[in-house]
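Residue numbers (this note's numbering): 2 to 342. By construction, the Cβ of each residue, glycine as well, lies at the ideal position given by its N, Cα and C atoms. Below is one structure, written out as structure tokens; comments come after it.
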């Protein structure tokens, strides 16, 4: 079976390519931008197709060979202009859906972020209301780019589901919780580990909030299993390890893997105002990259975020997950072996 994987050179996409390769059951084509860095997928026997979903000239003719599409590409992060998130995450996703064969299966890698990442004591399920915009302090004057990401992923979900129902096409939306693992640089753990490894003794955090995560290799295996056994109609799955750690234990596992002492946690009120000032200063300066702390990042250190993942386990029997201790060791070892830590 010929499968197209978008974003194949990225963090999650490269793990998906690896997982498909290990099954030996699919012929993979990686859709990447002409300027893409291919170092993470060069070792695998994949065909490379150059193209940019944000480009209106992207043509249907290129897409007719594929029986299945795994759309893992997109603009991820908490920094940048809304129009750039919209162009890539919404328009690009719709362009891909319309350009590919209407009898092909479509798997969209969305995010738990569409359900909101506010402090919520109860686990959110697939039918929970979307809450992609959080009202951070000063939001009307200083819009958070984390909201740009959440909102455009939610819009893409809504519009793809509408398209699929109109055409009768099989669509599965996968909402991973927070993903970590080798080749991650922008989702939080790498920046945290770099900061702690440098000797910073104080960080935001508390000892009561749970933080739902999944190891990238485990997510990739689930994506492959779903892709190979797609159900009829439109289906949505929250995907995460059913064992949800306290956030302090999550970060402590990384510290243990690095052999360093975990930093002390300070209350939110000490970090939030400086984070807001940094975010404003970086925005006014037109900085290409965000500061270490933004309102969204600080907020996340104190928020309880848990998602119900029973549905994917029940439907696909996906109940084998890498332990947190082993997953963090593998991640830190990869960073160190490749000179990133």
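Close beta carbons around residue i, own chain, < 6 Å, minus the five adjacent residues each side
i, result
"residue 149", "83 and 86"
"residue 330", "258"
"residue 243", "310"
"residue 179", "214"
"residue 183", "332 and 335"
"residue 54", "93, 96 and 97"
"residue 137", "145 and 296"
"residue 216", "182, 323 and 328"
"residue 35", "51"
Rounded straight-line distance, which links the Cα of residue j to that of residue i
i, j, result
"residue 130", "residue 239", "13 Å"
"residue 1", "residue 205", "Absent from the structure is residue 1, since the part of the chain shown begins at 2 and ends at 342."
"residue 261", "residue 203", "13 Å"
"residue 88", "residue 321", "36 Å"
"residue 290", "residue 2", "40 Å"
"residue 305", "residue 5", "36 Å"
"residue 192", "residue 200", "13 Å"
"residue 62", "residue 50", "13 Å"
"residue 249", "residue 307", "15 Å"
"residue 56", "residue 74", "14 Å"
"residue 118", "residue 246", "16 Å"
"residue 263", "residue 196", "11 Å"
"residue 302", "residue 126", "22 Å"
"residue 94", "residue 64", "14 Å"
"residue 278", "residue 292", "10 Å"
"residue 287", "residue 143", "13 Å"
"residue 312", "residue 111", "16 Å"
"residue 133", "residue 113", "10 Å"
"residue 299", "residue 340", "28 Å"
"residue 45", "residue 70", "18 Å"
"residue 294", "residue 115", "22 Å"
"residue 280", "residue 135", "16 Å"
Burial state of residue i (16 or more Cβ within 10 Å)
i, result
"residue 338", "exposed"
"residue 7", "buried"
"residue 190", "buried"
"residue 252", "buried"
"residue 333", "buried"
"residue 72", "buried"
"residue 186", "exposed"
"residue 120", "exposed"
"residue 157", "buried"
"residue 297", "buried"
"residue 154", "buried"
"residue 23", "exposed"
"residue 168", "exposed"
"residue 79", "buried"
"residue 128", "exposed"
"residue 318", "exposed"
"residue 40", "exposed"
"residue 140", "exposed"
"residue 227", "buried"
"residue 159", "exposed"
As assigned by DSSP and simplified to three states, the class of residue i
i, result
"residue 16", "helix"
"residue 107", "strand"
"residue 213", "coil"
"residue 145", "coil"
"residue 276", "helix"
"residue 137", "coil"
"residue 122", "coil"
"residue 262", "coil"
"residue 228", "helix"
"residue 94", "helix"
"residue 28", "strand"
"residue 181", "strand"
"residue 197", "helix"
"residue 70", "strand"
"residue 303", "coil"
"residue 223", "helix"
"residue 5", "strand"
Cβ neighbours of residue i in the same chain (closer than 7 Å, five flanking residues each side left out)
i, result
"residue 166", "235"
"residue 254", "325, 326 and 329"
"residue 42", "9, 10, 15, 18 and 31"
"residue 21", "4, 27, 29 and 225"
Cutoff 8 Å; reference residue i; Cβ partners in own chain excluding five residues on either side
i, result
"residue 233", "171"
"residue 81", "146 and 149"
"residue 198", "259, 261 and 342"
"residue 38", "10"
"residue 90", "75, 76, 150, 153, 154, 156 and 157"
- Query: For the 8 Å Cβ check, are there 3 or more pairs between the stretch 215-225 and the stretch 16-24?
  - Reply: yes
- Query: Are at least three pairs of beta-carbons, each pair with one atom in the stretch 169-185 and one in the stretch 105-124, less than 8 Å apart?
  - Reply: yes
- Query: Three or more beta-carbon pairs under 8 Å between the stretch 209-216 and the stretch 262-273, yes or no?
  - Reply: no
- Item | Sufficient close CB pairs (3 or more, under 8 Å) joining the stretch 153-167 to the stretch 92-101 | yes
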